[in-house]
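Only one structure is covered here, and it is reproduced in the block below.
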Amino acid sequence: MKKIVLSMMLGALLAGTSFADDAIRDRKENQQRRIGNGVKNGSMTAGETTHVEKQESHLNKEIRNDRKANGGNLTNKEKAQVNRQQNHLSKEIYKDKHNGKVQQ
Numbered sequence: 013m014k015k016i017v018l019s020m021m022l023g024a025l026l027a028g029t030s031f032a033d034d035a036i037r038d039r040k041e042n043q044q045r046r047i048g049n050g051v052k053n054g055s056m057t058a059g060e061t062t063h064v065e066k067q068e069s070h071l072n073k074e075i076r077n078d079r080k081a082n083g084g085n086l087t088n089k090e091k092a093q094v095n096r097q098q099n100h101l102s103k104e105i106y107k108d109k110h111n112g113k114v115q116q
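In our numbering, the protein residues as written are 13 to 116.
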């Protein structure tokens, strides 16, 4: 009975980690898609795109380094920080796409 409970708890823990990792990956892919659409339809200038891409690259590097430091996982505090940074980046993408500047 104890083995069943322990394996269920371990499964729940692993599923939670996987869900958080999936959410981070999904948001990253969605934001890349939004940037790509902005470039394609001209609503983001080259400078805006470069700036946002650099920020995203920095965030991705930070995530890799945090995972490396923690045996492949992010702590809850790091997950919250990544979420805040992704929120900020998402708002910046929105502002850049809707600021009236267009790629010539």
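Just so you know, even glycine gets a beta-carbon here, dropped at the ideal spot from N, CA and C.
Since this is a predicted model, take the numbers as computed values, not measurements.
Asked                                                                                                                : Found
In terms of residues, what are the limits of the alpha helix (DSSP H) holding lysine 80?                             : 58-81
Could you give the first and the last residue of the continuous alpha helix (DSSP H) run that contains glutamine 93? : 88-109
Quick check: the Cα distance between histidine 100 and lysine 80, rounded to an integer number of angstroms?         : 24 Å
Please report the distance separating the alpha-carbon of leucine 18 from that of lysine 107.                        : Its pLDDT being 49, under 50, leucine 18 is placed unreliably by the model, and the measurement read from it follows with that caveat. Approximately 48 Å, taken between the alpha carbons.
Considering only the beta carbon of each residue, do isoleucine 36 and valine 64 sit closer than 7 Å?                : no
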